[in-house]
Amino acid sequence: MPDHILEVFRYLPDSEDEPRFQRYEISYRDDWVVLDALNHVKDQHDPTLSFRWSCRMGICGSCGMMVNGEAKLTCETFVRDYDTDTIKIEPLTHFPVVRDLVINMDDFMEKLPTVSPWLIREEEAGPEDGEYRQTPGQVARYKRFSMCINCMLCYSACPVYGLDSTFTGPAALALAERYNLDSRDEGQSQRADVVTAHEGIWECTYVGACTEVCPKDVDPAGAIQMLKLSYALDWAKSFVMPRGSKRD
Amino acid sequence: MTREWHTRLPRFWWLRRATYFQFMVRELTSLAVLAYTGLMVWALFATAAGASSPGFFDFLRTPLSVWLHAVLLILALYHTGTWIALTPKVLVVWRDDERVEPDLIAGYNGTLFLIVTAVVLWLVIG
Chain A
1031 MPDHILEVFR YLPDSEDEPR FQRYEISYRD DWVVLDALNH VKDQHDPTLS
1081 FRWSCRMGIC GSCGMMVNGE AKLTCETFVR DYDTDTIKIE PLTHFPVVRD
1131 LVINMDDFME KLPTVSPWLI REEEAGPEDG EYRQTPGQVA RYKRFSMCIN
1181 CMLCYSACPV YGLDSTFTGP AALALAERYN LDSRDEGQSQ RADVVTAHEG
1231 IWECTYVGAC TEVCPKDVDP AGAIQMLKLS YALDWAKSFV MPRGSKRD
Chain B
3 MTREWHTRLP RFWWLRRATY FQFMVRELTS LAVLAYTGLM VWALFATAAG
53 ASSPGFFDFL RTPLSVWLHA VLLILALYHT GTWIALTPKV LVVWRDDERV
103 EPDLIAGYNG TLFLIVTAVV LWLVIG
């Protein structure tokens, strides 16, 4: 059982004015992820340490934190992969910290529904018409963007969001593109107001870090660039075809 | 109501990650493109004025001009390369139900850029 030092961000607003780092010396097992190490600290060393987690298998998106300055899902990040003796763990950047490693995600949760992330139909078919069918090829066009688990790592990696929190942000915009690309959806023009607003796609300067940190390979940066192209084309088409047209 | 801790992005955030640094370099190299556009505008006016405005043509003969053009060319080529690398993000092409490989899209665009550049050079120098 090799040794590591966990240097953990602590913020206890009820008793302390400022955050600080607390060091925990642990012996870890080779199959431990960072979340296991944190749970070990909480169980064996310090029950006051607060952090979010749930599924432990990279699905729920709860355990996102900064590990040595990099936004990571701690349930997928192995301790053994860090050569350094000390692993520094901080809450996701760009979000207000409620306590220790727990962030306030209200801003993100409020932004998600603004892009209308559901199927919009001009005329809803009745149950007697059956389900909306898709070919595997039609699914393939949006599937990548549908894999988002709302872990917010992309917001944490995005300097645009860090500088201006009014930015709609990578995950919400990728979700908009996921529905715009869905052959069953007819809501691209209805999403335009939010997606093409100043705080929407045009605020993205394509740094690309959101795509790098995404644990599900969603490529939010790519989705935003595709949105820019499609809405720019819609704008151009509006001059020659006032009724517009939806992409294939 | 619990007091929340708010952090601000540090001034040198762009040194914290290679991607951030590359982004800043990409954005800054656009200034080279702007500077060269300025040179071209100056060249247009000087050419229109002909012999009555020798300043620009005298400047072209100086070592400073040669160095400036060399540096601007390198920076502009780098900037162009970043945009060619971006093309697969925007141009997502499907062949039947398979996505065309992003490297292929960037490769086509890069090749097209080289061909157009070669044609322009041939027209100007050849």
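Chains as they are written, first to last, in the numbering used here: chain A, 1031 to 1278; chain B, 3 to 128.
By construction, the Cβ of each residue, glycine as well, lies at the ideal position given by its N, Cα and C atoms.
Predicted, not measured: the structure shown is a model, and the values here were computed from it.
Asked, Found
"Give me the Cα-Cα distance between W1265/A and S1219/A, rounded to the nearest whole angstrom.", "10 Å"
"Check whether the segment 1208-1223 of chain A touches the segment 51-68 of chain B, counting contact only when three or more Cβ pairs, one atom from each stretch, lie closer than 8 Å.", "no"
"Answer with buried or exposed for D1278/A, where buried requires no fewer than 16 other C-beta atoms within 10 angstroms of its C-beta.", "Low per-residue confidence applies at D1278/A: pLDDT is 47, beneath 50, and the placement is therefore not dependable enough to give any value."
"Three Cβ pairs or more, each shorter than 8 Å: is that satisfied between the segment 1134-1150 of chain A and the segment 1182-1196 of chain A?", "yes"
"May I have the straight-line CA-CA distance separating A87/B from Y1058/A, to the nearest angstrom?", "42 Å"
"Among the candidates G112/B, H71/B, L116/B, V121/B, whose CA atom is the shortest distance from the CA of L36/B?", "H71/B"
"Measure from the C-beta of D99/B to each C-beta in chain A and report whether the shortest distance is under 7 Å.", "yes"
"Is there a Cβ of chain A sitting closer than 7 Å to that of L116/B, yes or no?", "no"
"What does the Cβ neighbour count give for W124/B, buried or exposed, with the cut at 16 atoms within 10 Å?", "exposed"
"Give the residues of chain B in contact with E1242/A, contact being defined as C-beta atoms less than 7 Å apart.", "T21"
"Looking at the C-beta of Y1162/A, does it have a partner C-beta in chain B at a distance below 7 Å?", "no"
"Compare the C-alpha of P1245/A against each of D1044/A, W1232/A, A1101/A and name the closest.", "A1101/A"
"Assuming R1129/A and S1080/A make a contact with CB atoms under 8 Å, what is their CB distance in whole Å?", "5 Å"
"Along chain B, which residues have their Cβ under 7 Å away from the Cβ of N1134/A?", "E6"
"My output table needs one value for D1278/A: the three-state DSSP class, helix, strand or coil.", "Confidence at D1278/A is low in this model, with a pLDDT of 47, below 50, so its placement is unreliable and the value that follows should be read with caution. In this structure, D1278/A counts as coil in the three-state DSSP scheme."
"If we ignore side chains and look at the alpha-carbon of each, how far apart do T31/B and G1252/A end up?", "22 Å"
"Quick check: the segment 20-28 of chain B against the segment 1141-1149 of chain A, are there 3 or more CB pairs under 8 Å?", "no"
"In this structure, does DSSP put H8/B in helix, strand or coil?", "coil"
"Looking at chain A, is there any beta carbon in it that lies within less than 7 Å of the beta carbon of W44/B?", "no"
"List, from N- to C-terminal side, the alpha helix (DSSP H) runs of 4 residues or more that fit wholly inside the segment 1160-1218 of chain A.", "1166-1173, 1183-1187, 1189-1193, 1200-1210"
"Does any residue of chain A bring its CB to less than 7 Å from the CB of F47/B?", "no"
"Return the chain-ordered list of same chain residues with a C-beta closer than 8 Å to the C-beta of W44/B, the five sequence neighbours on each side being excluded.", "F58"
"For K1118/A, which beta-bridge partners are listed by DSSP?", "E1037/A"
"Measuring alpha carbon to alpha carbon, tell me which of I1117/A, L1149/A, N1069/A ends up nearest H1034/A.", "I1117/A"
"Curious, which full-length beta strand (DSSP E) runs of at least 3 residues does the segment 1077-1154 of chain A contain?", "1094-1097, 1100-1103, 1116-1120, 1127-1129"
"Take I1254/A and list the residues in its own chain whose beta-carbon comes closer than 8 Å to its own, dropping the five residues that flank it on each side.", "P1200, L1203, A1204, E1207, I1231, C1234, Y1236"
"Considering just the uninterrupted stretch of the beta strand (DSSP E) at S1057/A, what are its terminal residues?", "1050-1057"
"Using the DSSP secondary-structure output, state which residues sit across from R97/B in a beta bridge.", "E100/B"
"Alpha carbons only, please: which of D1073/A, Y1172/A, I1133/A, L1122/A is nearest the one belonging to C1188/A?", "L1122/A"
"Hey, is I1089/A close to the ligand NAP, as in C-beta under 6 Å from one of its heavy atoms?", "This structure lacks the ligand NAP; in fact it carries no ligand of any kind."
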